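K.L.:
Going left to right, the sequence shown walks through residues -18 to -1, 1 to 214 as mature numbering (1 follows the signal peptide of the UniProt record, and there is no 0) numbers them.
The beta carbon of each residue, even a glycine, is placed where N, CA and C say it ideally should be.
Predicted model only: the values in this text are computed from it and were never measured.
Here it is, the structure in full.
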Amino acid sequence: MLYFAHDFLIFILPSIYAQTQGVILPYKDNKILEYCKSTSTFYRKNIFENPWYLFLLIILVCIFLLMFIGLIKGLLGICSKSIGELGLGLLVDLPKPIAKYREKSLAHLPVQYDIEGWPIHPYQNERSVRVFSMKTEFCLNVVFFLAYPLALCLHLCGMCCGRKIEPEDDKGCFCCVSMLKLNERLKKNKKGGYSAVRNVDVYDDNDRKEDEDTQYVINQMRQSQLSLQKGF
C-alpha cells in the first residue's frame, strides 16, 4: 500500500497538477515513463509494440489487399471474358460440360463442343462463350489471388511426386478400336428457330479404310505412350 502511495505522490500528482495548469512536464530521458511501464502491473503494450499483433495485422492487410485485387479482376471479367477466366483452369477442372449457353442470345440453342471438349460458339466455332455463370466467375475471381498460389504449389508438388506410368500390353490397350464420327450442325426449322441435326458416319462392311484408320490410331497411341515413358 505504501509502495503504490509512493508512486502516486511522485509521478501521478505532479502530472495532474501540470495538466490543470497547462504545463507539460518533460520526461527526462523517458525515465519516468519506463519506470511506470516496469512497475505497473496493468500496463498494456501498444499494438505496434507487440510483435504478434503486428504480424497478425500484416497478414490481415495482405489478405484484404489480395481480395481487393481479385475484386478488380472480377469486375473486369464482367466486361471481358478473357480476363475473367484467366487462370481459373488451375482452380477448376476445365473443360467442363455446360447445360446451356450463358449468353441470352444463345441460350435456346444446343451446346456444341470442339474436339477437346470446350464449348464453342454455334456459328463461329470458336471458344468465345462463357464456361461459368457470372456469379460463379465473380466469386472465383474475388478469392483468386488467395487460392491460386496454393493451387500452384499443389500442382507443382503433384508433378514432382507423380507416379511413373507403367507400360501396358498393346493387346490389352488396343484390342478393341472402333471408329465413329459424330457431326452436329444446326438446321433452321420452319418456326424460325434452330435445332440440332446429327450426321453419323460409319464404315461400310469390308471397308479397307476402317483397317487403315484403326492402324493409324494404334500407331499414334503407341508413339504417345513411348513419349510419355521417355518423359518420366
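Expressed to the nearest angstrom, what Euclidean distance is found between the alpha-carbon atoms of L88 and L58?
P.N.:
If I take the Cα positions, the gap works out to 22 Å.
K.L.:
How long is the line joining the alpha carbons of K82 and D96, rounded to whole angstroms?
P.N.:
Taking the straight line joining both Cα atoms gives about 15 Å.
K.L.:
Taking the alpha carbon of V86 as the reference point, which residue from P79, I51, H103 and D193 has its own alpha carbon closest?
P.N.:
Strictly speaking, residue 86 in this sequence is Lys, with Val absent from that position. It is H103 whose Cα lies nearest to the Cα of K86.
K.L.:
Could you tell me the distance, in whole angstroms, from the CA atom of R84 to the CA atom of M49?
P.N.:
Cα to Cα, R84 sits roughly 26 Å from M49.
K.L.:
State yes or no: is the C-beta of E67 within less than 8 Å of the C-beta of E119?
P.N.:
For E67 and E119, yes; Cβs fall inside 8 Å.
K.L.:
CA-CA distance, P79 and Q94?
P.N.:
Approximately 10 Å between the Cα atoms of the pair.
K.L.:
Kindly indicate which three-state DSSP category Y95 falls into: helix, strand or coil?
P.N.:
Looking at Y95 - three-state DSSP - the assignment turns out to be strand.
K.L.:
For Y114, which option in I65, L38 and L210 has the closest C-alpha, if you only look at C-alpha atoms?
P.N.:
The question names Tyr, but residue 114 is Phe in the sequence shown. If we check each option's Cα against that of F114, I65 comes out closest.
K.L.:
Bridge partners for residue 215 per DSSP, in chain order?
P.N.:
With the chain running from -18 to 214 in the structure shown, residue 215 is simply not present.
K.L.:
Taking 7 Å as the limit between beta carbons, can you name the residues of its chain near C139, skipping five residues before and five after?
P.N.:
Closer than 7 Å at Cβ, skipping near neighbours: no residue.
K.L.:
Among residues of its own chain, excluding the 5 on either side of S206, which ones have a beta-carbon nearer than 8 Å to its beta-carbon?
P.N.:
Excluding sequence neighbours, S206 sits near nothing in its chain.
K.L.:
Using the Cβ count rule (16 or more neighbours within 10 Å means buried), how would you classify F126?
P.N.:
Result: buried.
K.L.:
Quick one: Cα of S62 to Cα of D75, how far?
P.N.:
Spanning the two alpha carbons is a distance of roughly 21 Å.
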